[in-house]
Every structure is written in structure tokens, then in C-alpha cells.
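Below is one structure, written out as C-alpha cells, with a few remarks after it.
Protein chains: 2
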Amino acid sequence: MLPLQLQSESHVPLYVQLRDQLRSLVHSGELRPGDRIPASRELATQLGVHRTTVANAYAELESEGLIQGHVGRGTYIRAGSESLKFTAPPPPAPANGGSVRWESLFAEDRSEDGLHRLAQPAPKDSISFVLARPDARLFPMQELRASLDAVMRREGPSIFQLGSTDGYPGLRHELLEFLRGEGLAAQEENLLITNGCQQSLDLMAKAFLRPGDAVVLENPAYPGAITICAGARTRCLGVAVRTEWEAPGAEGIDVGALEATLAANRVKLMIVTPDFHNPTGTTLPLESRRKLLELASRYQVPIVEDHIYARLHLRGEQMPSLKQLDRSNVVVQIDSFSKFAFPGLRVGWIVAPANVIERLRWIKQATDLHTGQLAQAALAEFTRRGLLLKHLTRMRRIYLSRLEALEDALERHMPDETRWTRPRGGMCVWLELPAGFDASEMLIHARERGVSFAPGRYFYSQAHRPNTLRLGFTGVDERDIVRGVTALGEVLRVEMRKRRGGARRVETSRVALV
Amino acid sequence: MLPLQLQSESHVPLYVQLRDQLRSLVHSGELRPGDRIPASRELATQLGVHRTTVANAYAELESEGLIQGHVGRGTYIRAGSESLKFTAPPPPAPANGGSVRWESLFAEDRSEDGLHRLAQPAPKDSISFVLARPDARLFPMQELRASLDAVMRREGPSIFQLGSTDGYPGLRHELLEFLRGEGLAAQEENLLITNGCQQSLDLMAKAFLRPGDAVVLENPAYPGAITICAGARTRCLGVAVRTEWEAPGAEGIDVGALEATLAANRVKLMIVTPDFHNPTGTTLPLESRRKLLELASRYQVPIVEDHIYARLHLRGEQMPSLKQLDRSNVVVQIDSFSKFAFPGLRVGWIVAPANVIERLRWIKQATDLHTGQLAQAALAEFTRRGLLLKHLTRMRRIYLSRLEALEDALERHMPDETRWTRPRGGMCVWLELPAGFDASEMLIHARERGVSFAPGRYFYSQAHRPNTLRLGFTGVDERDIVRGVTALGEVLRVEMRKRRGGARRVETSRVALV
């Protein structure tokens, strides 16, 4: 039996007490890699708490990489988890007195974001809705190979030589053409090639943010944006993104709340995703886009428009981007090949006013000199041959089928009290479970059934709603979508039946999580 | 005639007054893109100052990108130079009142580093010793193509899919083998793949540095390291790197001065290049390496060992790296394919204690998710086939010939008062001109002869010595090395003859530059 003691009268939530005590047991060596820990139900009985409490503690420890669940075999202390000891206080000076105490030297005392652990390879045959990423099985390998062949025959050694921070000229040329074809008349001086949107956010943070600055983020938001703002030691001001049932006809970031935030704070930057927002899938209506631009202009706050999903327009009316509507030069648009083409190549770009690009180029050079040229040259050739547009068109068709299959399966298998967004494009559907449910706990049960998703907790910078989750649908084929949603529906119904008797205890736990 | 007025009694150096007045004329529109400005000799006569004063002002304006010289045609205001106006005070709010005043929003008010402008493509037939980079004409294109073919046939779509922040497994495997073959027994948990040493420095800065922290750099140093420390708003403490004539048998970073610096400051990190230091080419003796490690251990200051040139060992005894000598786990070694193989691919790595790698991996993920996988897979295959070692061996042989040709030419053509380092490897030779000479001015004359190099000014964070310069020899073949050095020798002799009469005025100018 584990030496655990929870104090129900403490102001520290029970699941936090449990989490911290378990972590200490690992750090002290009482629990060692490979040790099995009790099932959540078993430990809950033993401690006299609700299973949700244990499940929440386990979910956090799993996201830290300290424990790992195996379907049908139980939960274990992870091998290598001792390397995570930097979350603990620095160890005493070593006996030899010489070794550097690295943990005491880190600039930040922050623990790891859990999303990439959540995204670790699932067991075979399991169905993962965790990530918003393309389906690699659909990548046109023959055509990519032909493009690379052509590059290697034609380009000569310059692609392997130190290149320009601006980006590979061939790709810049193709990209400007491609953007013009979409209705964005960017010039050479408005374009910078980057390693993708995560780097673009990093460059923007370096260019504009100082510690203590206020940044407006969507809430919920792309976790990478939250990480960037936290890393720059800024104040993240989350403005609610509303679903169609919360604000019919006015979904997406709440421009009224945004205005109040801008009026009350000296905001330095806002980061928004008007098209097929990650994680909610919402599309910002035209009127809200105009209002957003007007606010940016009035309060002199630049907008970073995350345009990464916009090209995956699947149905309904297509909106002009903020950049296309921008008459006041307030928008920096970040974009990438990663969602509509090939994320493994790590190539994206920024479209911005010339003086902003000039500054970002300088920062990009100081960050990693330039983006890899082989990947850029391959994408340039792929685009030049018309294959990029062809691939995009095919992806749109397939992803629409998957979205429709998902919606159909949700209609059939989800309890009435469940709601979900109806995105016009992108890669994710946002689900709201009945009040009182915790998606992190449900994930534990779902995994036992071989299905996984991303609980809402990873996307909130504040006002976390535990009963939300994201389903990334583009990486799962229709058969698995139906199988996965069927299993999710069953898990949810089972839990609902169990809850009917224990609503009060569930309520307590939910409050503790807020 | 330009409206310029220099005040000789001012405490502001004349060349700074001239530089700033010329810059103002551009910003105010009195000088416009395409306008020709007087030759330095002509303007010097007109203003009654020494030509060096004008040359220094022009050199700075050129490095800012404001003016550009054309061989045989004179010097002109650059097109696009108005986009550099962020070095000037923010312009008044625009008439429409809506456009964001981007310049007023940048986090830093710093102007651009000039090295990349210096590195811009030189006119055809000119000989450039500017950069420390490999010779692309020697890249084994057939073998690279075969490696890529094999990758595309064998690997499947996973290289184009979102990958692991750790790096592509195939490359990690090959690299650990490769390092073991060199005598470094790193394990999986000690390795992180990055986009090269510039990114590795950026990640280290994010992991360890807070504004105001003190960082020890070599002086002179790799400019990218200076930029990283400045960008992190740290205090750069430059410790002198000494040449063999300054400290026979004890060249490289001055460990005595280092000890004094560590004793007097709470230093957070030191960045050193023990092997074939950029820019001086010096090798740190074994005894100094041991002392450095002892100091790091005693003062608990981690060492970042820049190992990027070490594999280009051309002659003489090979030293064990700091990482190999490190018994106290104080060294983070940054390394890259960029110098001994192919910089355009942007792939490097870090070898460090497991808890440091764990932290850096987290930061790498927040910075750009992961390094591009196509480049990694190509390098893995190239290495697996034994081609990397073969290429390295060939490069060593060729670069040694070039180094010997350079030394031979310097012996023949340089005046007696000139000194230069005798590196055992790497890519650069460091030259000291006779006292009173300014390498930036000499560059202007050298360019007229179609030869260029990197003046020492770009490498100093403090105590700048104007009479130093760096010759990167690996990108120039032997015939051009002889031609280039012959021209440099002639330029220098001409200038020396002119100086014999005007030593006093030169002296004044030299003091103003310190």
C-alpha cells in the first residue's frame, strides 16, 4: 500500500495533493521505473475519494511523463522518469563538489507541457483523434520523389550551401505566385520564409514582446501560442472563443470582450485564428473580422493572423482573410505548408509590412541563420509542377468526407447532452460533454477502449472547462472514425449511468479543477 | 556639395559625426536612393579630414545597408534603404490615423548586424575571403543524390509527417555511432538534433539566460554568439583570445583573465571554441582546457563548447574536446554538419547531460517543433553509407592545401609588419595589419581590386582592434588564394607608402575607433 495521506479540509484540491505526493514518491525513489501503481478505481476506494480525483492526478502525472498507462495491463512508473527531476527542488551538491547543478541554473522553473506526450505513438490498432495533422498515408510519395529528383538534377550544389535568410529564391517566387492566385498581392519585401508557424510566433515574440507585456490570445487557443507567450514572460490575456451554440452567428473570438480587454490593458500584440480555429473549428464572421481590424487600428495593436488552417476550406462560404481586408497595415499573417501539405519539412512563411519583415529577417538570422534549403527547393518544385494545388484539392475532398463521417457518427452515438461545433474547414471538431464530466478522466476510459483525443485542458490559458475536448479528424479514415466515435459514445454513456447516483461528489471535483 | 559640418573639438569622433549626418540626409530625403556620394578621398579633402575618417563612416553606413559601393563607379545610396528607417526615431502618426506605427512597437531599438551584408554576393570574378564556409563546388552531388534516392525509396511518408522534437530516429542512430567512432560515448538521452549551432545557442540562451545575466564570450568571437547574448539582454563579458605571438604556447582564450572575470562576476554561462576558434583559428592547449574545466566546476558555470570546427583538423596534434575531458558534467557541446559537410541543410546537434537535454528539447519544441526531417534523413543515409567520413577526409586534404597556399602567399606578399595565425584546422586565418591601419578602410581599397575579407570589427564585443581581419580560406581555390593575397599585399604596400608622411593623423583616427 502506498504511503499517501490526503487532507480533505485542506485548501489544496485533493487531486493536487495526490499528484504531488505520488511525484515525491518517485523522486525519493520509493516508486521506481517499472513499478505498477494501483488502478484509479482501486486507489480511490483505498483513499476514500472519488475516482475522478485519482484520475485527474494520474492524468497530470502522465502528461508530465512520470507514469504511463498500458491498455489492459495497468499503470506504471515510466522508465527515464527520474530525468524529470528538475520539477523537484534542486538536489544537494554532489559529493565531488564539482558537477554543475544544472537544475538550479535554468532560467525558468516551469514543468513540461504535456501535449507532446499525449501525442506519443499510441498502441497499434488504436484510434487517435489527438492531433490536428494531415494523414501521411495520403502523401503523394511518387510525385514528391519526382520533384526531388528534378531538384537534384537541376539545382546544383547551391541548395546544400549556406543560403539566404529571406528563403530559397525558387520557393519565394513560387509562393508569391501561389498567394497571388489566392488573392493576396504580396511583394518580395513582404515575405519571409520560416520553419513553420511555431517559429513565426517565436520570431514575433522576439521582435515585439518584453517581459511583462500583455498579449491577447484566444481562449481556448493553440497550445504553442500559449507556450510562446509564457516563454516570453508576458501576461496572456485570454479572450473567449465562442461556439455557435454560445453565440449563434457570432462564433469565434468575442470581439466585444476583446474591445473591453483592449480598453483596460496596454496590449502589445493579439494572436488570432479567424479561419477554422484550433481547437474549436470556428470561423470568424465577416463583421467580426472588420471589427477586429478596426480595434487593432484604434488601439494600435498589431494582429498576428494564424492562417495555417485557412486553405483547408471544406464547405460553406469562404471568408477573406484579415490580411486581405487590412487597409491599415496592422496584420502580420503567419502561414505554413504543415497543415495542407507536409509538416515534416518544417517550412512556413510570414506576410507582413516591409519594415516588419526587415526586422523579422534580422531576428531569424540570429535564431537559426535560415530555413533548410532542400525542403524549400522540394516544395518549390512541387508547387511549380502544379502538384501543390492538386494535393490540396484532393485533401479538401477527403477531409470533407471525414468531417461528414465524424458528424454523422457523433449524431448517432453521442448522448443528447453532448454538443459539438460544425466547422467549415480545418482539422478539428470541439466537443462539450455534459456538465460535470471531465474529458481528462474520460480519456483514461477511452484509452482502455483503444481511442484517444485531446482533452480541452491543453488549450486553455485560463477559465479551463474540464468538460471539453478536441477531435482531430483529418488523420483518421472513415471506418476508424465510426469505430472510434462508437467507443467514445459507449464510454460516455457508461460514465453517465454511474454518475446519476454520485452527482454531488462529481460536482466537488469539477470545482477543484477550475 | 553635401551640407555637412564636422566639429573637430567635439568629444564625438569625427567619423561618427559624419556617419550620423549622412544617415540623417538619407532619412530626411535630401539624399535619395541612387544618388551618388563623393569618393572618400574627395569628401575628405572637402571637409579637411583624413580619408580614414570618411572611409570609416562609409564602412559603417555600408554595413547598415544605407550605401553601396560599385567597383569603378563610385558609391551610391542604396535602393530600399528607406526601409531601414527603424534606426531613426518613429515617424509621426500617419494621416489616416489607423496604420500601426510598427517601429515604435519593436521590443529592441537595435540596428542590424552588418556581417550578412558584407557576405552578400560579390561581383563576378572577385575573390572573397569573407565567409568561413565550405566550398560548394566540392559537394559530392552524385552521392547526395543517390542518398536522397535511397531515402525516398525506403523511408515512406513518415519523413514528411510531423516528427519528433528529439530528431529523426535514423539520424540519431547514425550520429551516436559516428560520435562513438570519434571517441565520444554519448547516449540517446544526451543528444538533441537542432537546426545548427546558431539555433543551439538560441536554445541555450532561452534555457539559461535572463535579462541582466552575465555571459562570458571570447573576444573576438563568432558574431552570432554576440548577437545571441545581446538579444537575450545579457551582459557580454569578453575574455581575450590570444594569438601565438601574444601568448606563445598559451594561445586561445586567456584562462588567467577568465579566472579573474569569474571571480569578479556572477557569470551564468561561458561560450568557448577550443578548436580552431572563429575568427582567430587558434587551438586551446591541453593545459588550458583542463584549467577551463576546473574553473567551470569551481565557479559552477556551465561551458558551451562550440565544436563546429573541430572535425576540420588539418595538421598537428589533435586535442581531446572539453566534452571528452569533462568529468564533472559541466559541458554542453554544440556541433553541426554545417562546416564539414552541408550548411544549406541546417542540421546540427547538442550533446549534454540528460536533464539539460530534457529542458532543451522542451524549448526546441516551443521554438519550432522539430528540425526538418528530409534533411535529417538525407544526412542519415549519407552517413550510413560511409560517405560522410569519406567527404570529411577529402575536405581535410583540400583545405590543408589551401591553408598552405594561403600561408605561402602571405609570406611572399605581406609586408614584414603584418602578422597572422597558423591554425591547425578550421576555416580561418587571423591577420594583424601594421599598427595604425584600419582593416575596414583597407577593405574599400581591396574591393576596388576585386578582393574582400571580413574586417575584425565584426568579431569584437569590446576592445575592438581596427587593424585585424579574418581570411576564410576554405571557399577559395589555390589559384585565387594567390591572386587575392597578391592584391591584398599590393593594397597594403600602397597604403603604407602613403602613411609614412601622415602617421600622426592616422594615429588620431585609430584612437577614435577604440
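Protein sequences appear in the order of chains A and B.
Those letters in the first sequence? Residues 1 to 514, per this note's numbering, in order.
Those letters in the second sequence? Residues 515 to 1028, per this note's numbering, in order.
The beta carbon of each residue, even a glycine, is placed where N, CA and C say it ideally should be.
Just so it is clear, the structure is predicted and the values come from calculations on it, not from any experiment.
Whole angstroms are fine: how far does the CA of Leu983/B sit from the CA of Tyr572/B?
18 Å
Is any beta-carbon of chain A found at less than 9 Å from that of Ser613/B?
yes
Give the single residue among Ser538/B, Ala855/B, His564/B and Ile641/B whose Cα lies nearest to the Cα of Leu1002/B.
Ile641/B
Looking only at C-alpha atoms, which of Arg555/B, Thr757/B, Gly770/B and Glu946/B sits nearest to Phe790/B?
Thr757/B
Three-state secondary structure assigned by DSSP to Tyr76/A
strand
Neighbour list for Ala378/A in chain B, Cβ cutoff strictly below 8 Å:
Leu888
Beta bridge counterpart(s) of Leu751/B as assigned by DSSP
Val730/B
Using DSSP bridges, identify the partner residues of Ile253/A.
Val241/A
Between Ala719/B, Ala892/B, Ala868/B and Asp882/B, which has its C-alpha nearest Ser678/B's C-alpha?
Asp882/B
Can you name the residues that DSSP bridges to Ile877/B?
Answer is none; Ile877/B lacks a bridge partner.
Could you give the distance in angstroms between the alpha-carbon of Ser852/B and the alpha-carbon of Gln832/B?
20 Å
For Ala136/A and chain B, any beta-carbon pair shorter than 9 Å?
yes
Going by DSSP in three states, Lys782/B sits in which element: helix, strand or coil?
strand
Spell out a yes or no on whether the segment 355–363 of chain A and the segment 893–912 of chain B are touching, meaning 3 or more CB-CB pairs, one atom from each, closer than 8 Å.
no
Straight-line gap, Ile848/B to Thr885/B (C-alpha atoms, nearest Å)
15 Å
Grouping DSSP H, G and I as helix and E and B as strand, with all else coil, what is His884/B?
coil
How long is the line joining the alpha carbons of Ile767/B and Leu836/B, rounded to whole angstroms?
13 Å
Counting beta carbon pairs with one atom in the segment 721–736 of chain B and one in the segment 349–360 of chain A, are three or more of them shorter than 8 Å?
no
Would you kindly report the start and end of the unbroken beta strand (DSSP E) that includes Asp663/B?
No beta strand (DSSP E) contains Asp663/B, which is instead part of the alpha helix (DSSP H) from Met655 to Arg668.
I need the straight-line Cα distance from Arg1014/B to His564/B, nearest angstrom please.
14 Å
Counting only beta-carbon separations shorter than 9 Å, does Gly940/B have a partner in chain A?
no
In terms of residue numbering, what span does the beta strand (DSSP E) encompassing Gly583/B cover?
Ile581 to His584
Please decide whether Thr474/A counts as near chain B, where near means a Cβ-Cβ distance under 9 Å.
no
Drop a sphere of 10 angstroms on the beta-carbon of Glu946/B, count the other beta-carbons inside from all chains shown, and report buried for 16 or more, exposed for fewer.
buried
Beta-carbon neighbours of Leu684/B, restricted to chain A and to distances below 9 Å:
For the sequence presented, residue 684/B should be read as Gly rather than Leu. Within 9 Å Cβ-Cβ: nothing; Gly684/B doesn't reach chain A, min ~13 Å.
Can you round the beta-carbon distance between Glu578/B and Arg898/B to whole angstroms, since I take them to be within the 8 Å contact cut?
Actually they do not touch by this definition, with Cβ atoms about 46 Å apart.
For Asp368/A, would you say it is in contact with chain B, using Cβ-to-Cβ distances shorter than 9 Å as the test?
yes
Residues in the same chain with beta-carbon distance under 6 Å from Glu112/A, minus the five sequence neighbours each way, listed in chain order, please.
At Glu112/A, the pLDDT of 48 sits below 50, so the modelled position is not reliable; the number obtained from the coordinates is stated separately. Around Glu112/A: no qualifying Cβ.
Three-way DSSP call (helix, strand, coil) for Pro969/B in this model:
strand
Going by the CB atoms, is the gap between Gly989/B and Pro725/B shorter than 9 Å?
no
Listed from N- to C-terminal order along the chain, which residues in the segment 853–876 of chain B have their beta-carbon within a distance smaller than 7 Å of any beta-carbon of chain A?
Phe856, Pro857, Gly858, Leu859, Arg860, Pro867, Ala868, Asn869, Val870, Glu872, Arg873 and Trp876
Closer than 8 Å, Cβ to Cβ, to anything on chain A: give me those residues from the segment 816–847 of chain B, in chain order.
Pro816, Arg841, Ser842, Asn843 and Val844
Simplified DSSP assignment, three categories, for Asp202/A:
helix
For Gly450/A, the three-state DSSP class (helix, strand or coil)
coil
Only counting the same chain, and skipping five residues up and downstream in sequence, which positions put a Cβ closer than 7 Å to that of Trp430/A?
Thr243, Pro279, Thr280, Gly281, Trp420, Thr421, Thr468 and Arg470
Which class does Gly986/B belong to by DSSP, given the choice of helix, strand or coil?
strand
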